[in-house]
Amino acid sequence: MELIVLGSWGAFPKADDACSGYLLKAKGKNILLDCGPGVLSSLANHIKFEDLDAVVISHYHADHMSDIYSLQYASDIMIKIGKRKRPLKIYGHNEEEVFRTLEYRKACEAISVCHGTKTDIFGIFFDFYKTKHQKICYAMRIECEDKVLVYTGDTGWIDELATFANGTDLLICESSLFNHQKGLNEGHLTAGEAGKMAFKSGSGLLLLTHFPHVGNLDKLRQEAGNEFDKDKIMIARKGMHISFS
Ligand SMILES: [Zn+2]
Ligand SMILES: [Zn+2]
1195 MELIVLGSWG AFPKADDACS GYLLKAKGKN ILLDCGPGVL SSLANHIKFE
1245 DLDAVVISHY HADHMSDIYS LQYASDIMIK IGKRKRPLKI YGHNEEEVFR
1295 TLEYRKACEA ISVCHGTKTD IFGIFFDFYK TKHQKICYAM RIECEDKVLV
1345 YTGDTGWIDE LATFANGTDL LICESSLFNH QKGLNEGHLT AGEAGKMAFK
1395 SGSGLLLLTH FPHVGNLDKL RQEAGNEFDK DKIMIARKGM HISFS
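Note that the sequence shown covers residues 1195 to 1439 in this note's numbering.
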């Protein structure tokens, strides 16, 4: 199992970069976690669009899913020219109307997920947990080949999320705020809270992501490092590979 960071900015991307998007390579499949602005371009550095097997969307804020609509065109074109044989599977919750827009012609198939259910995506098992956010959002726990990966999506602090992430090998945790900004936005975590989440869940590694556009990212790492082992904290950067063996 391998994870490739395709983008890590919150809200909007920096030049030649992207918002939330992570390519999971496991069991010979390519699964995209979130598809924010810039992610499609970043994805093209790693695989051909026709080789993408599934997409899992945490929630319907644009910085997590706006590129899905271009991906639908890509999938449609690949089917028309015979490079893609089956529709692209797009997983997301169906509690908002946006869900219906995930379906596209014969190119994309929308499949709903919900809190507390286990979803088998090509033999890779996903569990979902509703987070604390301005829009309905699901954290995901991914289990494959004795390894566990948890991606928080967007969330404010909830104790139960640490339980959901229990024993994960890698925690991909949003870190939208510096510690002094605590309370500024209840739907996001401070870096200190991200560190605390990693500590409480007993995570093997912490990958900080979903970054603010002002301030020094090293400071986020330092603040998370007051709560969790500094040597096990990484700052997500476009193109970063993390392998599990
Ligand atoms: Zn976001
Ligand atoms: Zn959001």
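C-beta atoms are modelled at their ideal positions from N, C-alpha and C, and glycine is treated no differently.
These numbers come from a predicted model, not from an experiment.
Span of the beta strand (DSSP E) around K1171: Here the chain covers residues 1195 to 1439 and nothing more, so residue 1171 does not appear.
Closest by CA to V1250, which one among E1196, Q1328, S1214? S1214
Runs of 4 residues minimum, wholly inside the region 1272-1359: which ones carry the alpha helix (DSSP H) assignment? 1353-1358
Three-state secondary structure assigned by DSSP to Y1267: helix
Residues near K1329 in its chain [Cβ-Cβ closer than 7 Å; skip 5 each side]: H1253, Y1254, H1255
Can you confirm whether A1238, when its beta carbon is compared against all beta carbons of chain B, has any partner nearer than 8 Å? Although the question refers to chain B, the structure presented lacks it and comprises just one protein chain.
Would you list the residues sitting across from N1224 in a DSSP beta bridge? K1219
Taking one C-beta from the region 1376-1396 and one from the region 1419-1436 each time, how about it: are there three or more such pairs within less than 8 Å? yes
DSSP puts S1437 in a beta bridge; with which residues? E1196
I'd like to know whether the C-beta atoms of D1348 and C1331 end up nearer to each other than 8 Å. yes
Following the continuous alpha helix (DSSP H) through A1385, name the residue where it begins and the one where it ends. 1385-1395
Does DSSP classify E1421 as helix, strand or coil? coil
Run the proximity test for C1141: is its beta-carbon closer than 7 Å to any non-hydrogen atom belonging to ligand 2? For residue 1141 there is no data in the structure shown, the boundaries of the chain being 1195 and 1439.
Quick check on this structure: which residue in K1341, L1355, F1319, E1337 has the alpha carbon closest to the alpha carbon of H1327? L1355
Can you give the Cα-Cα distance for P1207 and Y1285, rounded to whole angstroms? 23 Å
I'd like the span of the beta strand (DSSP E) that includes A1248, first residue to last. 1248-1250
Hey, K1432 and D1211 are a contact pair by Cβ (cut 8 Å); roughly how many whole angstroms apart? 5 Å
Round the Cβ separation of A1304 and I1273 to the nearest angstrom and send it over; I've been treating them as touching at under 8 Å. With 8 Å as the limit, A1304 and I1273 do not qualify as a contact, their Cβ atoms being about 16 Å apart.
Would you check if the distance between the CB atom of F1438 and the CB atom of S1202 is smaller than 8 Å? no
What is the rounded straight-line gap between the Cα of I1315 and the Cα of S1236? 23 Å
According to DSSP, what are the bridge partners of E1368? T1403
Any 3 or more C-beta pairs closer than 8 Å across the region 1333-1342 and the region 1220-1227: yes
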